[in-house]
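> For the sequence shown, position 26 (counting from the first letter as 1) is numbered 29 according to the working numbering, and the numbering increases by one without interruption.
Every residue, glycine too, gets a C-beta built ideally from N, C-alpha and C.
These numbers were taken from a predicted model, which means no experiment stands behind them.
I'd like to ask you about the structure that follows.
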Amino acid sequence: ALREVFSAADVCAVRVAEAQAVELEAG
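Below you can see the structure in the form of C-alpha cells.
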C-alpha cells in the first residue's frame, strides 16, 4: 500500500515538473 502511495506521488511530481517545464518553454 505504501509503495502504491509513493509511486502515485512520484507520478504527480513528474506531471507537475513537466507542466512547469512546458510553461517555461512557452514563456
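DSSP three-state label for A11, please.
helix
> How is E4 classed by DSSP in three states: helix, strand or coil?
Looking at the sequence provided, one finds Ala at residue 4 rather than Glu. Reduced to three states, the DSSP call for A4 is coil.
> Taking only the alpha-carbon atoms, compute the straight-line gap between A20 and L5 and give it to the nearest angstrom.
22 angstroms
> Look at the alpha carbon of A24 and the alpha carbon of V14, and state the distance between them as a whole number of angstroms.
15 angstroms
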